[in-house]
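Chemist: Going by the numbering used here, the first residue of the sequence shown is number 13, and it counts up by one from there.
Backbone N, C-alpha and C define an ideal beta-carbon position, used for all residues, glycine too.
This structure is in structure tokens; I'll ask about it shortly.
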Amino acid sequence: MTGLAPSPRRDWLPWIVGALTLCVLVAFLIYPILKTVLGAFVRQGDEPSFANWTLYNFERFFVAATYKSAVRNSIVVSVLSTVVATLLALPAAYAVARIRMPFRNFILALSVIPLVAPPFIGAYSWIQLLGRSGIVTQYAADWFGITLPPIYGLFGIVLALSLSFFPYVFLIVQGALSAGDPYIEESAQVMGASRWRILRTVTLPLVTPAIAAAAMIVFIKALGNFGVPAILGGEMYVLPTLIYFQVHGFFNLNGASAIALVNVLITLLAIFILARINRRRRFVTVTGVTRKAAQLDSLGARIFANAYVWTLLALSLIPQIMVVWSSFAERWAGTTFPTEYGLGNYRQVFGDLFQPIQNSLVLAGIATVMTVIFGTLLAYTSVRRRFVGRWALDLTVMLPFVLPGVVTGVAFLVTFNDGWLVLTGTGTILVLAYFVRRIAYVFRSVSASISQVDPKMEEASTICGATWARTMRKVTVPLVAPGILAGAVIVFATLISEMSVTILLYSASWKTIAVAIYERLASNEMPAAAAVGSVTIALTLVLVFAASRLIGRSMADMFR
Numbered sequence: 013m014t015g016l017a018p019s020p021r022r023d024w025l026p027w028i029v030g031a032l033t034l035c036v037l038v039a040f041l042i043y044p045i046l047k048t049v050l051g052a053f054v055r056q057g058d059e060p061s062f063a064n065w066t067l068y069n070f071e072r073f074f075v076a077a078t079y080k081s082a083v084r085n086s087i088v089v090s091v092l093s094t095v096v097a098t099l100l101a102l103p104a105a106y107a108v109a110r111i112r113m114p115f116r117n118f119i120l121a122l123s124v125i126p127l128v129a130p131p132f133i134g135a136y137s138w139i140q141l142l143g144r145s146g147i148v149t150q151y152a153a154d155w156f157g158i159t160l161p162p163i164y165g166l167f168g169i170v171l172a173l174s175l176s177f178f179p180y181v182f183l184i185v186q187g188a189l190s191a192g193d194p195y196i197e198e199s200a201q202v203m204g205a206s207r208w209r210i211l212r213t214v215t216l217p218l219v220t221p222a223i224a225a226a227a228m229i230v231f232i233k234a235l236g237n238f239g240v241p242a243i244l245g246g247e248m249y250v251l252p253t254l255i256y257f258q259v260h261g262f263f264n265l266n267g268a269s270a271i272a273l274v275n276v277l278i279t280l281l282a283i284f285i286l287a288r289i290n291r292r293r294r295f296v297t298v299t300g301v302t303r304k305a306a307q308l309d310s311l312g313a314r315i316f317a318n319a320y321v322w323t324l325l326a327l328s329l330i331p332q333i334m335v336v337w338s339s340f341a342e343r344w345a346g347t348t349f350p351t352e353y354g355l356g357n358y359r360q361v362f363g364d365l366f367q368p369i370q371n372s373l374v375l376a377g378i379a380t381v382m383t384v385i386f387g388t389l390l391a392y393t394s395v396r397r398r399f400v401g402r403w404a405l406d407l408t409v410m411l412p413f414v415l416p417g418v419v420t421g422v423a424f425l426v427t428f429n430d431g432w433l434v435l436t437g438t439g440t441i442l443v444l445a446y447f448v449r450r451i452a453y454v455f456r457s458v459s460a461s462i463s464q465v466d467p468k469m470e471e472a473s474t475i476c477g478a479t480w481a482r483t484m485r486k487v488t489v490p491l492v493a494p495g496i497l498a499g500a501v502i503v504f505a506t507l508i509s510e511m512s513v514t515i516l517l518y519s520a521s522w523k524t525i526a527v528a529i530y531e532r533l534a535s536n537e538m539p540a541a542a543a544v545g546s547v548t549i550a551l552t553l554v555l556v557f558a559a560s561r562l563i564g565r566s567m568a569d570m571f572r
């Protein structure tokens, strides 16, 4: 008599890992956000309960001039920065994608530099150029008798943010234009449409979703940016600087929570408006792309493309060039240019400032490892497992990417300043905040990679008797390794100079590169700050370049 084959044992490991990952998300993402929302409706010093609920913290937005102007300034700065960055980027994206240009890959690589450089040190470079005693200001007055507008205030903030963030629009839209279906435009051309009409009625509508997505990234980045308004704002408050004032001036976490909530509402309103626009203008292509669109080769088009793109790149790289140049200045007091150059600032970097550099590398490294582990597991769960509420998992993971960084900083301060887990002043709170802020990078990168892997390969491993853990280690992870590496490098590179979260959570023993740069800028020690910034930029570029070579993708592709 033949016995029945024993039923295979159920592998509980993926369920345990998934449950653990969800618990981490609940504890360090959902719970802090909920506690921040509750804290916004309670006065400072009162217990967070329904009996103590009040709108007191929000009343200031209607009666205090500083609060009303901060909201208005934040909206104006974010909208103007988004509009200017988009208008600057669109012609450059079209030129690189549709006009024959030399050094195309080099242009794309250069466009990454403003994204990895700390915007706040670039902002101080603009003061050196266009400040009251700036180089360009003095020459404009002496040679041409022209008085340039002051760099402080709205003009300076929008200028610095637009030139720092326009590469997001440039890279995303350029990628969309390069991948677009050429047959649609060629059909319009055959029908007698002019090139301008094709651009207006075919090309731009087809890349509208890409433009809108990129513009939203710029808006969120500008809305949550602290460093640039803090340096160039003068007396002009925006919501992030107002939050900093409430935390470091009064340690009023409830007031800071209310400001953060207003910041979130502005972000959600912008996303809602964008979604409505996209729904009204929905364009899709139904054919597969077998070749790229033909590139313009006329002399006039090539002259325009090269002149515009290289001029824009030069303007966006001026702050970074100034940072490197200033880092060699050893004597620069009361003169237009430094009177003595040397390596003294770099000796200081690897002397007095070695600890902040080490702290940044350690904190960013640990946070990156956490994002890789949990981001990969979440991506696998989202793509390979079918369960109710998968959309909620995706939304939860992507939520910190949508929220400005200062909001995450306030949430962690409110949650872990007291109660069941006190982390204020430790490196752990920075690691966890970094982890929450950047897990979306790895999640999206790995999700895209897993979607391209045939599940039959994993099923074959399971049929051969391998456990889920062994299949992940031997089959899945090696196949999606490029996506994991790409996400990890972007996480680490952007965390080294992270400012918006760090400025609210750091302590004296866990000071980072970004804080060290900001403190020296505030003390008017530009050469020392420039040396730290130069090391940061160089380190980040080396990491991104090495990773791009390792996985066979360009530096620009890694930031799309």
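Let's see if you can read the secondary structure: which residues bound the alpha helix (DSSP H) around E531?
Modeler: Where E531 is concerned, the enclosing alpha helix (DSSP H) stretches over 525–534.
Chemist: Per DSSP, what are the beta-bridge partners of R343 in this structure?
Modeler: R343 is bridged to E352.
Chemist: Assign F53 to buried or exposed, taking buried as 16 or more other Cβ atoms, counted over all protein chains shown, within 10 Å of its Cβ.
Modeler: So F53 counts as buried.
Chemist: Starting from the C-beta of V298, find all residues in its chain whose C-beta is less than 8 Å away, skip the five residues before and the five after it, and write them out in chain order.
Modeler: Bear in mind that a pLDDT of 44 at V298, under 50, signals an unreliable position, so the model cannot answer this.
Chemist: Can you tell me which of Y446, L265, L425 puts its alpha carbon nearest to the alpha carbon of S372?
Modeler: Among Y446, L265, L425, the Cα nearest to that of S372 belongs to Y446.
Chemist: Taking L280 as the reference, give the member of L415, T388, L37, S61 with the closest Cα.
Modeler: For the residues L415, T388, L37, S61, the minimum Cα distance to L280 belongs to L415.
Chemist: Taking only the alpha-carbon atoms, compute the straight-line gap between S463 and N357 and give it to the nearest angstrom.
Modeler: In a straight line, the C-alpha of S463 is about 48 Å away from that of N357.
Chemist: Can you give me the C-alpha to C-alpha distance between A326 and I125, rounded to a whole angstrom?
Modeler: Taking the straight line from one Cα to the other gives about 11 Å.
Chemist: Can you give me the start and stop residues for the alpha helix (DSSP H) that E510 sits inside?
Modeler: Premise fails: E510 is in no alpha helix (DSSP H) and is neither H nor E.
Chemist: For L265, name the three-state secondary structure that DSSP assigns.
Modeler: Reduced to three states, the DSSP call for L265 is helix.
Chemist: Which class does I163 belong to by DSSP, given the choice of helix, strand or coil?
Modeler: I163: coil per DSSP, three-state reduction.
Chemist: Excluding the 5 residues flanking G267 on each side, which residues of the same chain have their C-beta closer than 7 Å to its C-beta?
Modeler: Excluding residues within five positions, the ones whose Cβ falls inside 7 Å are Q56, N69, Q258.
Chemist: Is the CB-CB distance between Q12 and A543 below 8 Å?
Modeler: Because the chain is modelled from 13 through 572, residue 12 falls outside the range shown and cannot be assessed.
Chemist: With which residues is L183 paired in a DSSP beta bridge?
Modeler: None, per the DSSP bridge assignment.
Chemist: Measuring CB to CB, does V575 end up less than 8 Å from V96?
Modeler: Given a span of 13 to 572 for the chain in the structure shown, any question on residue 575 remains unanswerable.
Chemist: Counting only beta-carbon atoms, is V321 nearer than 8 Å to chain D?
Modeler: Included in the structure is just one protein chain, with no chain D present.
Chemist: Starting from D154, follow the alpha helix (DSSP H) in both directions and report where the run begins and ends.
Modeler: Taken as a continuous stretch (DSSP letters only), the alpha helix (DSSP H) holding D154 covers 147–156.
Chemist: Would you tell me roughly how many angstroms separate the C-alpha atoms of G417 and G157, rounded to the nearest one?
Modeler: Answer to the nearest angstrom: the Cα atoms are 43 Å apart.
Chemist: Relative to the C-alpha of G437, which candidate in L254, G421, A379, V448 has its C-alpha closest?
Modeler: Nearest C-alpha to G437: G421.
Chemist: Can you tell me which of T474, W65, T427 puts its alpha carbon nearest to the alpha carbon of V38?
Modeler: With distances taken between Cα atoms, V38 lies closest to T427.
Chemist: So is P130 buried or exposed if we call it buried at 16+ other beta carbons inside 10 Å?
Modeler: Result: buried.
Chemist: So is R207 buried or exposed if we call it buried at 16+ other beta carbons inside 10 Å?
Modeler: Burial call: exposed.
Chemist: With 16 other CB atoms within 10 Å as the buried threshold, where does G354 fall?
Modeler: Exposed, by the Cβ-count rule.
Chemist: Roughly how many angstroms separate the alpha carbons of I223 and F167, rounded to a whole number?
Modeler: C-alpha separation (whole angstroms): 24 Å.
Chemist: Report the rounded CA-to-CA distance for T506 versus V128, giving the unit in angstroms.
Modeler: Spanning the two alpha carbons is a distance of roughly 6 Å.
Chemist: Measure from the alpha carbon of V556 to the alpha carbon of each residue in A526, A500, A520, G146, then state which is nearest.
Modeler: Measuring from the Cα of V556, the nearest candidate turns out to be A500.
Chemist: With a threshold of 7 Å on Cβ separation, who are the neighbours of A317 within its own chain once the five nearest residues in sequence on each side are excluded?
Modeler: Closer than 7 Å at Cβ, skipping near neighbours: A107, I111, M113.
Chemist: Taking Y287 as the reference, give the member of G51, A345, A225, D466 with the closest Cα.
Modeler: The sequence as given places Ala at residue 287; Tyr does not occur at that position. Comparing Cα positions, the closest option is A225.
Chemist: How far does the alpha helix (DSSP H) with I42 in it reach, from first residue to last?
Modeler: Where I42 is concerned, there is no enclosing alpha helix (DSSP H), given that its DSSP letter is neither H nor E.
Chemist: T388 to N275, Cα distance in whole Å?
Modeler: Computed Cα separation, rounded: 30 Å.
Chemist: Kindly indicate which three-state DSSP category L235 falls into: helix, strand or coil?
Modeler: In the structure shown, L235 sits in a helix (DSSP, three-state: H, G or I).
Chemist: Could you give the residue range of the alpha helix (DSSP H) that holds T388?
Modeler: Where T388 is concerned, the enclosing alpha helix (DSSP H) stretches over 366–396.
Chemist: T33 and L613 - do their beta-carbons sit closer together than 8 Å?
Modeler: Absent from the structure is residue 613, since the part of the chain shown begins at 13 and ends at 572.
Chemist: State the start and end residues of the unbroken alpha helix (DSSP H) segment that holds M334.
Modeler: Start and end: 311–338.
Chemist: Which residues in the same chain have their Cβ closer than 7 Å to the Cβ of Y518, if we skip the five residues on either side of it in sequence?
Modeler: L442, T524, V527, listed in sequence order.
Chemist: If I measure Cβ to Cβ from I229 and keep anything under 7 Å in the same chain, skipping five residues before and after, which residues do I get?
Modeler: Cβ neighbours of I229 beyond the five flanking positions: Y180.
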